[in-house]
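As structure tokens, the structure follows; a few thoughts come after it.
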Amino acid sequence: MPEKPVSSLYHSLDLPGIRMPGNIFLAPLAGYTDRSFRLSCSEFGADLTYTEMVSALGIYHNSRKTVALFEKSPEEPFKAVQIFAPGPEFLADITPALLAQSPALIDINCGCPVPKVVKTGAGAALMKEPKKIGAMVKALKDAVSILGSTVQVTVKLRSGLDANSINFLECAREAAEAGASMLCLHPRTRSQGYGGSAEWAHLALLKEAVPVPVFGSGDLFTAQDVERMLRETGCDGVMVARG
Numbered sequence: 561m562p563e564k565p566v567s568s569l570y571h572s573l574d575l576p577g578i579r580m581p582g583n584i585f586l587a588p589l590a591g592y593t594d595r596s597f598r599l600s601c602s603e604f605g606a607d608l609t610y611t612e613m614v615s616a617l618g619i620y621h622n623s624r625k626t627v628a629l630f631e632k633s634p635e636e637p638f639k640a641v642q643i644f645a646p647g648p649e650f651l652a653d654i655t656p657a658l659l660a661q662s663p664a665l666i667d668i669n670c671g672c673p674v675p676k677v678v679k680t681g682a683g684a685a686l687m688k689e690p691k692k693i694g695a696m697v698k699a700l701k702d703a704v705s706i707l708g709s710t711v712q713v714t715v716k717l718r719s720g721l722d723a724n725s726i727n728f729l730e731c732a733r734e735a736a737e738a739g740a741s742m743l744c745l746h747p748r749t750r751s752q753g754y755g756g757s758a759e760w761a762h763l764a765l766l767k768e769a770v771p772v773p774v775f776g777s778g779d780l781f782t783a784q785d786v787e788r789m790l791r792e793t794g795c796d797g798v799m800v801a802r803g
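Every position in the sequence shown, counted from 1, becomes a number in the working numbering once 560 is added.
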């Protein structure tokens with residue numbers, strides 16, 4: 561079978577209520593994806609940019625430092641807000657503050673491997689409890705709907721906590737069944753951190769397992785890497801991060 565032309569790998573993406581102009585996104589990067597960096601990446605072609613991950617508890621307590629992380633610049637075309645939390649508590653309470661910044665999407669971080677995040681029960685720690693991930697998606701979806709918004713809820717995952725607990729498919733199914741409109745998988749485990757190699761084969765498995773768009777991240781250092789991930793895994797798009 562002949563390879564798809566590059567032009568067919570790059571395409572718009574339709575989610576309920578919104579059309580993304582393309583499928584190459586800037587991933588959320590703590591300490592990096594502030595407003596200035598997001599604007600620069602948008603100017604260089606990122607179809608959607610993500611905020612740094614934002615503490616749901618910080619929003620709940622109206623921390624000025626936290627709120628500043630997801631404030632929208634008037635010049636920003638599309639921006640997604642990523643939050644981290646240890647469970648569904650407070651998510652309904654913070655939804656008005658999230659929607660006030662007109663995000664394109666609200667993403668739940670279920671993959672951060674950093675110890676200070678994991679020890680709170682957030683980030684990759686959530687992969688210990690797939691049903692809790694589903695409960696978080698439902699809590700946000702319900703709150704968004706009650707407020708009359710159509711902003712979509714998405715989830716970013718890792719492959720699992722370590723090589724002996726690869727459970728991204730179970731977590732992804734819980735998220736999709738609860739109403740997540742898109743999933744992103746960084747196919748490394750929490751124990752790998754940012755080392756070793758990303759297991760792209762997990763992306764192909766995820767794409768076959770869920771009925772929603774799947775984005776891939778991990779080991780994307782060049783434009784050729786992006787093209788290869790799209791071809792080899794069949795994923796719907798990519799999130800470019802630190803590699």
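Even for Gly, the Cβ is constructed at its ideal location relative to N, Cα and C. Predicted model only: the values in this text are computed from it and were never measured.
Contact between the stretch 676 to 685 and the stretch 622 to 636: three or more CB pairs below 8 Å?
With a cut-off of 8 Å, the stretch 622 to 636 and the stretch 676 to 685 do not count as touching, because too few Cβ pairs lie within range.
In angstroms, rounded to a whole number, what distance separates the CA positions of L790 and D796?
7 Å
On the criterion of 16 or more Cβ atoms from any shown chain inside 10 Å, does G776 qualify as buried, or is it exposed?
In this structure G776 is buried. Its beta-carbon is surrounded by 16 or more other beta-carbon atoms within 10 angstroms.
Assuming T714 and L665 form a contact by the criterion Cβ under 8 Å, report the distance between their Cβ atoms to the nearest whole angstrom.
5 Å
Among the residues of its own chain, which have a CB less than 7 Å from the CB of E730, if the five just before and after it don't count?
When the five nearest sequence neighbours on each side are left out, the beta carbons in the same chain lying within less than 7 Å of the beta carbon of E730 are those of P690, in order along the chain.
Apart from the five residues just before and just after C672, which ones in its own chain have a Cβ nearer than 8 Å to its Cβ?
A590, M613, F644, V678, A682, G683, A684
Can you name the residues that DSSP bridges to N669?
K716
On the CB-based measure, 16 or more other CB atoms within 10 Å of its CB, does I668 come out buried or exposed?
buried
Taking 8 Å as the cut-off, decide whether the C-beta atoms of G694 and A735 are in contact.
Less than 8 Å divides the Cβ of G694 from the Cβ of A735.
In whole angstroms, what separates the C-alpha of A801 from that of F630?
If I take the Cα positions, the gap works out to 18 Å.
Figure out for me which residue from W760, P648, G582, A764 has the closest Cα to the Cα of P637.
G582
Please name the residue in A740, R750, P646, A764 whose C-alpha comes closest to that of T710.
A740
Reducing DSSP to helix, strand and coil, say where R579 ends up.
Assignment of R579 by DSSP, reduced to helix, strand and coil, places it in the strand class.
Quick check: what's the CA-CA separation for T655 versus G618?
Rounded to whole angstroms, T655 and G618 show a C-alpha spacing of 13 Å.
Is P562 helix, strand or coil when you go by DSSP?
Reliability fails at P562, whose pLDDT of 49 lies under 50, so the model's placement of it is uncertain and no value is given.
For R579, would you say it is in contact with chain D, using Cβ-to-Cβ distances shorter than 8 Å as the test?
Although the question refers to chain D, the structure presented lacks it and comprises just one protein chain.
Put L586 into one of helix, strand or coil per three-state DSSP.
strand
For F644, which three-state DSSP category applies?
strand
Using DSSP with H/G/I as helix, E/B as strand and the rest coil, what is G618?
Note: G618 maps to helix in three-state DSSP.
Name the one or two DSSP bridge partners that C744 has.
Paired residue(s): K716, F775.
Using the C-alpha atoms, what's the distance from I584 back to Y570?
8 Å
Please classify P634 as buried or exposed, where buried requires at least 16 other C-beta atoms within 10 Å of its C-beta.
Its Cβ having fewer than 16 others within 10 Å, P634 is exposed.
With C-beta atoms as the reference, is D722 less than 8 Å away from S751?
yes
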